[in-house]
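Enquirer: Residue numbers (full-length UniProt numbering), protein chains in the order written: chain A, 1 to 797; chain B, 1 to 232.
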Amino acid sequence: MFKLNLKIALRNLWKYKGYTSINVFGLAIGLASCILIFIFVRYQLSFDKDYANGDRIYRMVTSWKYADGNEFYSQGVPLPLPAAVRNDFSQFEKVAAIQQSSGIVKAKALPGKAEVKKSESIYYAEPSFFEIFDYKWLAGNPNQSLTAPNTVVLSEKAANTYFGDWRKAIGNTLILDNKTDFKVTGIIKDNPQNSSFPLEIIFSYVSFNSKNSKDWGSVSSSWECYVLLKKGVLLSELDKPIQQFLNKYENDKDASGKVGHTVQPLKTIHHNDNYGNFANKYMPYKQIIGLVIIGLFLLLTACINFINLATAQAISRSKEVGVRKVMGSRRKQLIWQFLSETALITFIALLLACVLSELTLPKMENLFGGDVTFSLFGHPIIFVFLLVMLVVVSFLAGLYPALIMSGFSPALAIKNKVTANAGGVGLRKTLVVVQFAITAILIIGTLVVIKQMSFIRNKSLGFDTQAISLVSLPQDSLSKLKYNGFKERLSGIKGVKNISFCSAAPSSDSNNETSFTYNSSKRVDFQANVKAVDEAYFKTFGLQLIAGRPIAKSDTIKEFVVNETLIKKLNVKNPNEAIGKIMTLWGGKGPIVGVVKDFNNYSLHEKIAPMAMFSRKSNYRGIAIKLDVADIGNTMKQVESTFNTMFPDYVYENEFFDENLKGFYETEQIMGTLFKVFASVVIFISFIGLFGLISFVATQRTKEIAIRKVLGASNLELIKMLNNSFLWMVLIANMVAWPVAYIFVKNWLAGFEYRIDLSIWPFIFAMLISMSITIITVTLRSYRAAKANTIDALKYE
Amino acid sequence: MIKIENLEKVYKTEEIETTALNGINLHVKEGEFVSIMGPSGCGKSTLLNVMGLLDKPESGSYKFIETELLTLNDRERSNFRKRNMGFVFQNFNLIDELTVFENIELPLIYNKVPAGERKKLVNEIIGRMNIVNRSGHFPQQLSGGQQQRVAVARALVTKPKLVLADEPTGNLDSTHGNEVMELLCELNETGTTIVMVTHSSHDASFSNRIINLKDGHVISEKINKGRTEELI
Ligand SMILES: Nc1ncnc2c1ncn2[C@@H]1O[C@H](COP(=O)(O)OP(=O)(O)O)[C@@H](O)[C@H]1O
Ligand SMILES: [Mg+2]
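1) For a contact defined as C-beta to C-beta under 8 Å, what are the partners of Ser686 (chain A) on chain B?
2) If we define contact as Cβ-Cβ less than 8 Å, is Val778 (chain A) a contact residue for chain B?
3) Classify Gln243 (chain A) as buried or exposed, calling it buried when 16 or more other Cβ atoms lie within 10 Å of its own Cβ.
4) When the Cα atoms are used, what is the spatial distance from Glu341 (chain A) to Ser21 (chain A)?
5) First and last residue of the beta strand (DSSP E) that includes Trp223 (chain A)?
6) With Asn22 (chain B) and Asp215 (chain B) assumed to form a contact (beta carbons below 8 Å), what rounded beta-carbon distance in angstroms separates them?
7) Show which residues of chain C have a CB atom less than 7 Å away from the CB atom of Leu156 (chain B).
8) Measuring only the C-alpha atoms, how far is Pro241 (chain A) from Tyr73 (chain A)?
9) Flag Ser78 (chain B) as yes if its beta-carbon sits less than 8 Å from any beta-carbon of chain A, otherwise no.
10) Please state if the CB of Met129 (chain B) and the CB of residue 233 (chain B) are separated by a distance shorter than 8 Å.
11) To the nearest whole angstrom, what separates the beta carbons of Leu31 (chain A) and Ala353 (chain A), a pair I think is in contact under 8 Å?
12) Which residue or residues does DSSP assign as beta-bridge partners of Lys626 (chain A)?
13) Check for me: the alpha helix (DSSP H) holding Glu717 (chain A) runs from which residue to which?
14) Does Asp173 (chain B) come within less than 8 Å of chain A when only Cβ atoms are used?
15) Restricting to Cα atoms, I'd like to know which of B:Met181, B:Leu70 and B:Gly177 is closest to Leu53 (chain B).
16) Could you work out which residues of chain A lie near Pro107 (chain B), taking near to mean beta carbons separated by less than 8 Å?
17) From this set, B:Ala20, B:Glu15, B:Ile16 and B:Met1, which residue's C-alpha is nearest Leu7 (chain B)'s C-alpha?
18) Note down, in chain order, every chain B residue with its Cβ under 9 Å from the Cβ of Thr439 (chain A).
19) Does Arg708 (chain A) have its Cβ less than 8 Å from a Cβ in chain B?
20) I want to see whether chain A comes within less than 8 Å of Asp203 (chain B), judged by CB atoms only; does it?
21) With DSSP as the reference, label Ile175 (chain A) as helix, strand or coil.
22) Where does Glu341 (chain A) fall in DSSP's three states?
23) State yes or no: is the beta carbon of Arg149 (chain B) nearer than 8 Å to at least one beta carbon in chain A?
24) Taking only runs of the alpha helix (DSSP H) that begin and end inside the stretch 41-109 of chain B, which ones reach a length of at least 4 residues, in chain order?
25) Following the continuous alpha helix (DSSP H) through Arg575 (chain A), name the residue where it begins and the one where it ends.
26) Starting from Trp586 (chain A), trace the alpha helix (DSSP H) in both directions and tell me its first and last residue.
27) Below 6 Å CB to CB, which residues in the same chain sit around Lys517 (chain A) once its five sequence neighbours on both sides are set aside?
28) Is it the case that the CB of Ser45 (chain B) approaches a heavy atom of ligand 2 more closely than 7 Å?
29) Applying the 10 Å Cβ sphere with the 16-neighbour rule, what's the burial state of Ser641 (chain A)?
30) Just to check, is the beta-carbon of Gly52 (chain B) closer than 7 Å to a non-hydrogen atom of ligand 1?
31) Could you compute how far the alpha carbon of His605 (chain A) sits from the alpha carbon of Leu13 (chain A)?
32) Distance, Cα to Cα, Phe38 (chain A) vs Leu359 (chain A)?
33) Spell out whether any CB of chain B is found under 8 Å from the CB atom of Leu794 (chain A).
34) What I want to know is whether the C-beta of Asp166 (chain B) ends up closer than 7 Å to one or more non-hydrogen atoms of ligand 2.
35) Is Ala99 (chain A) buried or exposed, if buried means 16 or more other CB atoms sit within 10 Å of its CB?
36) List, in chain order, every chain B residue whose beta-carbon is nearer than 7 Å to that of Thr702 (chain A).
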């Protein structure tokens with residue numbers, strides 16, 4: 001019996017090749033997109049999951065709440081915090097400080113291996129860090145390898161780069177910033193791609209310069225602290241101790257009434273965009289949910305296509321049903337028969353989908369700039385997912401047609417008297433409306449995403465981003481002496497317009513916040529974002545002053561320039577009033593000499609912070625060069641050779657500012673692309689579904705069309721008639737889609753502090769698009785129906 | 001009114017060519033009622049379809065009051081048809097999804113008759129056809145005879161110059177068949193030209209002239225004296 005059913009199923013599929021291919025193809029690209037989304041989401045959700053104590057690991061983070069309701073967040077903590085936490089909390093089993101920094105790392109030449117010198121991201125970590133996170137150690141161990149000064153632990157990959165083979169690395173020496181020797185005492189296994197901790201070179205914390213700092217007033221995003229909660233301790237039990245801790249160290253001082261520290265679970269580090277992380281990769285849950293919704297939409301549209309075509313086709317199989325019933329088949333058996341047919345189609349579609357997704361995976365990898373590799377069957381869970389999809393889609397798509405078909409009355413069915421409406425015209429129309437509504441929602445969503453992204457690209461951030469090169473500078477005291485000479489030489493190069501020393505560009509992901517005083521000895525109740533810059537900074541980045549003048553040339557803190565936000569927060573109405581007021585911060589004291597027009601110092605996700613800028617040579621990390629656009633390539637070559645002659649022991653590193661800024665929106669870029677692609681797939685699927693349906697309707701109405709033609713209807717009138725009914729459905733669908741899309745889009749935009757105004761145009765546009773595609777599809781198909789031979793259609797049945 | 005000369009129509013299918021009409025010559029006067037008879041497959045329906053501009057012959061000439069119709073393009077044919085011709089089929093060919101009233105109204109819509117006048121015309125003809133209490137029904141709810149009366153009503157509502165009927169009684173029993181024939185006669189008496197295909201000599205006896213077709217030829221013509229005198 002099963003074999004026979006299979007035969008009938010296959011012959012039926014073959015008989016209706018057109019509908020079958022629409023079904024299978026539509027389903028296959030829908031499923032393929034779902035597979036891709038699954039792989040992507042699985043990857044995003046797998047971050048930082050592989051630690052034995054993962055659910056007890058937390059990061060201490062900092063936030064500032066202001067009276068006006070604004071909040072700022074930092075992934076970092078004040079330098080003395082880890083030690084104090086270790087001392088004061090009984091709820092933590094382990095506490096570890098870890099600092100991110102950068103430096104020039106060099107390994108001396110070994111026999112058979114040339115000297116390796118690179119500019120690297122480096123870390124200083126306490127041994128307890130590796131007790132909290134159970135890394136796999138290839139050599140050494142967490143208790144011994146990082147306890148002594150001047151020791152360093154390498155990842156397998158780093159060890160291989162510097163020493164050729166990690167086994168040779170142990171006991172050898174790395175030189176940091178051409179100054180200090182570190183002995184390699186341990187090797188850890190490489191971090192996987194899905195980690196927020198790209199640790200490659202980890203120095204012992206005792207070697208960290210500022211390890212004994214007592215400054216509670218400053219926080220940097222690169223000073224992180226992790227804790228391991230004792231077993232059985234509840235998060236709520238931390239509330240009181242944290243409050244006591246804040247009172248003891250932070251709140252008793254006049255400056256920091258609003259500082260807060262909280263513990264952030266390890267598993268949210270990849271997903272919380274308030275805070276950053278060392279890897280600078282993050283993916284908010286909101287975005288993931290958005291993608292999952294699109295995935296569901298995809299499945300739904302593909303299933304709707306299937307249901308529509310299957311029920312429309314059902315009439316033609318009524319005779320088979322009748323005969324089977326007469327021969328004694330029960331309804332249940334028929335339902336199973338039709339369901340297994342759907343399962344067969346779904347299975348074929350699923351195989352095709354696997355091929356399609358295998359082909360498109362490299363495209364998805366490209367989105368990440370080659371940092372990530374995906375593989376279809378890399379994780380066994382995919383098989384569970386495929387099986388679930390097979391079952392769900394078979395039931396979702398197959399059940400309704402099966403119920404309809406198995407319900408035919410045998411007497412009517414045998415005489416072929418089942419009417420065309422048996423498949424439930426009403427339901428079919430409803431499904432088409434749902435499908436179009438989904439399509440419209442996605443068209444609107446896509447349009448808004450595209451608009452917001454181009455808004456971000458084109459928004460004036462308040463500073464110049466074009467043709468500015470950021471060159472890192474060596475940090476040792478010997479090199480610092482050469483800074484001025486370097487600058488002088490650079491200014492001699494043709495094509496260099498302006499040069500400025502600075503701790504960071506106006507907008508940067510490395511930020512420092514600190515408390516300060518203004519016009520009194522009392523600390524202000526909020527913190528300022530600080531940048532150490534020289535006198536040429538404002539000109540180089542095109543920053544505008546609304547009062548006063550730029551700071552004068554100096555190597556130490558002498559004068560301040562603050563931004564509009566800062567004086568607004570201080571309730572100073574007229575910027576000129578602020579000029580001449582005395583500020584202290586970072587141990588420096590001086591008058592405010594200028595107020596700079598607000599510019600976006602973070603990404604556009606966040607509000608502009610209150611800012612203070614001053615000169616301080618010891619904090620300059622790099623040099624910003626404004627270039628003449630005419631011959632950037634040549635100029636940069638000369639800059640590089642100047643750098644190499646001035647600092648022969650260091651590594652030249654240069655980044656263009658506008659490229660650098662793009663990195664702020666990488667998540668949006670990736671999500672934007674995925675959104676666009678998958679939305680187009682949904683749109684495509686629903687329109688091939690429409691094409692299938694209209695083909696069917698046209699076939700069903702052939703006789704009617706012929707009669708109308710005999711009565712004098714022109715082709716145009718017939719096409720209009722067929723279009724009409726579908727256009728109504730599209731119109732209703734759009735009305736349904738608008739409020740839903742509005743809610744989605746509004747929510748998404750709310751994630752941007754600076755965003756486009758939502759206008760009616762994306763909505764109108766979505767309607768026009770869906771209407772015109774409908775008109776094109778229906779017209780194409782109905783023209784054929786209208787042109788068909790009238791007399792043949794009117795012959796006796 | 002109608003002058004058909006040397007009409008030829010060949011159907012080409014994959015395997016064979018069928019000559020359905022082979023040099024047909026036929027003249028129909030205004031107000032005449034012509035029957036076409038002949039064995040199955042001799043080309044009667046084909047001839048009627050060509051006359052109704054539903055099909056194009058290979059060669060020949062078809063003049064309708066001095067207008068050559070075979071050179072018209074698609075749109076002109078469709079326009080000419082809806083203004084001048086009405087059709088009655090053996091299998092009624094009503095639209096199942098439309099009511100009796102709407103079915104009859106349809107040709108008026110395509111002739112761009114204003115709504116008010118449409119209503120008047122349809123109600124008028126529904127009265128004449130004796131189907132008043134059926135105007136809101138769907139075709140499936142009517143008997144065959146009633147359906148064919150609706151079809152005749154639909155053919156007449158535009159007041160066409162020519163009515164083409166292809167075996168109008170073929171699907172009806174003799175009582176209903178006679179009702180339909182009487183309708184056609186009444187119509188003919190009011191001046192409408194009718195060309196009817198039929199297998200029944202009883203039906204043919206209602207007409208002025210009977211034309212016999214065989215293998216696409218006209219083989220004989222018979223004047224029905226009893227009726228023709230009225231015409232003269
Ligand atoms: N669409 C068609 N394709 C091929 N042959 C056709 C077609 N329509 C009619 N014929 C052939 O043309 C001949 C005349 O058909 P028709 O005019 O329908 O005969 P009848 O006199 O029975 O109405 C027949 O042999 C028929 O098989
Ligand atoms: Mg015939």
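The beta-carbon is built from N, C-alpha and C at its ideal position, and this holds for glycine as well.
Expert: Taking the geometry as given:
1) The residue given as residue 686 (chain A) occupies position 686 in the first sequence. Correct list: empty, because the minimum Cβ distance to chain B is about 26 Å.
2) Within the first sequence, numbered from 1, the residue matching residue 778 (chain A) stands at position 778. No, its Cβ sits nowhere closer than 8 Å to a Cβ of chain B.
3) Your numbering for residue 243 (chain A) matches position 243 in the first sequence. That one is exposed.
4) On the first sequence, residue 341 (chain A) is found 341 positions in, with the first residue counted as 1. On the first sequence, residue 21 (chain A) is found 21 positions in, with the first residue counted as 1. Each residue's alpha carbon lies about 15 Å from the other.
5) On the first sequence, residue 223 (chain A) is found 223 positions in, with the first residue counted as 1. Trp223 to Leu229 is the extent of the beta strand (DSSP E) around Trp223 (chain A).
6) Translated into the one-based positions of the second sequence, residue 22 (chain B) becomes position 22. Translated into the one-based positions of the second sequence, residue 215 (chain B) becomes position 215. Right, their Cβ atoms sit about 7 Å apart.
7) Given the protein chain composition of this structure (A and B), no chain C is represented.
8) On the first sequence, position 241 is the one that residue 241 (chain A) refers to. On the first sequence, position 73 is the one that residue 73 (chain A) refers to. C-alpha separation (whole angstroms): 21 Å.
9) Taking the first residue of the second sequence as position 1, residue 78 (chain B) is located at position 78. Chain A contact via Cβ: present.
10) This structure cannot settle anything about residue 233 (chain B), because the visible part of chain B is limited to 1 through 232.
11) Looking up residue 31 (chain A) in the first sequence gives position 31. Looking up residue 353 (chain A) in the first sequence gives position 353. Right, the Cβ-Cβ distance comes to about 4 Å (below 8 Å), so this counts as a contact.
12) Residue 626 (chain A) sits at position 626 when you count from the first residue of the first sequence. The partner list for Lys626 (chain A) (beta bridge, DSSP) reads A:Ile468 and A:Asn498.
13) Here residue 717 (chain A) is taken as the residue at index 717 of the first sequence, counted from 1. Run containing Glu717 (chain A): Asn715 to Ala750, per the alpha helix (DSSP H) assignment.
14) For the purposes of this step, residue 173 (chain B) is identified with residue 173 of the second sequence, where counting begins at 1. Asp173 (chain B) does not count as touching chain A.
15) The count along the second sequence starts at 1 and reaches residue 53 (chain B) at position 53. Closest by alpha carbon: B:Leu70.
16) As a position in the second sequence, residue 107 (chain B) is number 107, starting the count at 1. Going along chain A in sequence order, the residues near Pro107 (chain B) (Cβ under 8 Å) are Leu711 and Gly712.
17) Indexing the second sequence from 1 puts residue 7 (chain B) at position 7. Comparing Cα positions, the closest option is B:Ala20.
18) Counting from one through the first sequence, the residue named residue 439 (chain A) turns up at place 439. Residues of chain B passing the Cβ test: none, with the nearest at roughly 28 Å.
19) Against the first sequence, residue 708 (chain A) aligns to sequence position 708. Chain B contact via Cβ: present.
20) Locating residue 203 (chain B) in the second sequence gives position 203, counting from the first residue. Chain A contact via Cβ: absent.
21) On the first sequence, position 175 is the one that residue 175 (chain A) refers to. It is a strand residue.
22) The sequence position of residue 341 (chain A) within the first sequence is 341, counting from 1. If DSSP states are grouped into helix, strand and coil, Glu341 (chain A) belongs with the helices.
23) Numbered from its first residue, the second sequence carries residue 149 (chain B) at position 149. No - not a single Cβ of chain A is within 8 Å of the one on Arg149 (chain B).
24) 44-51 and 74-84
25) Along the first sequence, read from residue 1 onward, the residue named residue 575 (chain A) stands at position 575. In the sequence under discussion, the amino acid at residue 575 (chain A) is Pro, which differs from the Arg named in the question. First-last of the alpha helix (DSSP H) with Pro575 (chain A): Pro575 to Ala578.
26) Taking the first residue of the first sequence as 1, we reach residue 586 (chain A) at position 586. Counting along the chain, Trp586 (chain A) falls outside any alpha helix (DSSP H), and DSSP gives it neither H nor E.
27) Counted from its first residue, the first sequence places residue 517 (chain A) at position 517. The question names Lys, yet the displayed sequence has Thr at residue 517 (chain A). If we look at Thr517 (chain A) and ignore the five residues flanking it on each side, its Cβ neighbours are Arg523 and Thr584.
28) Counting from one through the second sequence, the residue named residue 45 (chain B) turns up at place 45. Result yes, Cβ under 7 Å from ligand 2.
29) Residue mapping note: residue 641 (chain A) aligns to position 641 of the first sequence, counting from 1. Exposed, since its Cβ has fewer than 16 Cβ neighbours within 10 Å.
30) Counting from 1 along the second sequence, the entry for residue 52 (chain B) is found at position 52. For ligand 1, not one heavy atom lies less than 7 Å from the Cβ of Gly52 (chain B).
31) As a working mapping, residue 605 (chain A) is identified with position 605 in the first sequence. As a working mapping, residue 13 (chain A) is identified with position 13 in the first sequence. Taking the straight line joining both Cα atoms gives about 52 Å.
32) Numbered from 1 along the first sequence, position 38 holds the residue referred to as residue 38 (chain A). Numbered from 1 along the first sequence, position 359 holds the residue referred to as residue 359 (chain A). Rounded to the nearest angstrom, the two C-alpha atoms are 16 Å apart.
33) Taking the first sequence and counting its residues from 1, one reaches residue 794 (chain A) at position 794. Yes, its Cβ sits closer than 8 Å to a Cβ of chain B.
34) Locating residue 166 (chain B) in the second sequence gives position 166, where the first residue counts as 1. Correct: Asp166 (chain B) has its Cβ closer than 7 Å to ligand 2.
35) Within the first sequence, residue 99 (chain A) is the residue found at index 99, counting from 1. Sequence check: residue 99 (chain A) is Gln here, not Ala. Label assigned to Gln99 (chain A): buried.
36) Translated into the one-based positions of the first sequence, residue 702 (chain A) becomes position 702. Near Thr702 (chain A) there are no residues of chain B at all, since even the closest Cβ is about 12 Å away, more than 7 Å.
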